[in-house]
Amino acid sequence: MAYHTNPRLAYPIFYGAAPEMLRLARENRKQMTPAERKLWEHLKEKRLMGMKFRRQHPVSLFIADFYCHQAKLIIEIDGGYHDDQEQRELDEGREKELEDLGLNVIRFRNEEVERDVFGVVERIKRVLQETQA
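For the sequence shown, our numbering begins at 3 and goes up steadily by one.
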């Protein structure tokens, strides 16, 4: 199989993501969790403070659940498997790598989004306001 580069990946919003990440992200967008879909309704089309969010967006070696380039903010929605000790360690390493790129990461639980999406949106607004200050 020939290795093809995608000129889009040169854009700074991808932080050097590999071409395969675009395909994986596209697949992930087709399989969003109910919590991700619920939050996306509040983030899409610049509905939150006029900020553009992307869903299932490749960033370096990872695919962020949601990403706002303007605010350098990644939002992760975690399912129950994130309670596993090994997964927590992987998540911490991932967060560190993303923070080393100058990005902020905030995490919410699936249950939190499903139970109180408006509270989650308010917390995201506060983070966005802090990044604008």
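Glycine residues also receive a C-beta, built at the ideal position from the N, C-alpha and C atoms.
Query                                                                                                   : Result
Classification of L130 by the beta-carbon crowding that lies within 10 angstroms, buried from 16 upward : buried
6 Å Cβ shell around A4 - same chain, five flanking residues per side excluded                           : Bear in mind that a pLDDT of 38 at A4, under 50, signals an unreliable position, so the number given afterwards is only what the model happens to contain. So the list is empty, once near-sequence residues are dropped.
L50, DSSP secondary structure in three states                                                           : coil
Where E91 falls, given that 16 or more other Cβ within 10 Å makes a residue buried                      : exposed
Cβ neighbours of L45 in the same chain (closer than 7 Å, five flanking residues each side left out)     : F55 and F68
Rounded separation between F16 and T133 - CA only                                                       : 20 Å
Close Cβ partners of L26 (< 7 Å) along its chain, the five nearest in sequence each way excluded        : I65
Contact check, A37 vs I79, beta carbons under 7 Å                                                       : yes
Contacting residues, own chain, Cβ-Cβ under 8 Å from P14 (five flanking each side not counted)          : H71
With 16 other Cβ atoms within 10 Å as the buried cut-off, status of H6                                  : Because H6 carries a pLDDT of 49, less than 50, the predicted location of this residue cannot be relied on, and the following value inherits that uncertainty. Its Cβ having fewer than 16 others within 10 Å, H6 is exposed.
Among N8, R31 and Q33, the one whose alpha carbon lies nearest that of E22                              : N8
Where A73 falls, given that 16 or more other Cβ within 10 Å makes a residue buried                      : buried
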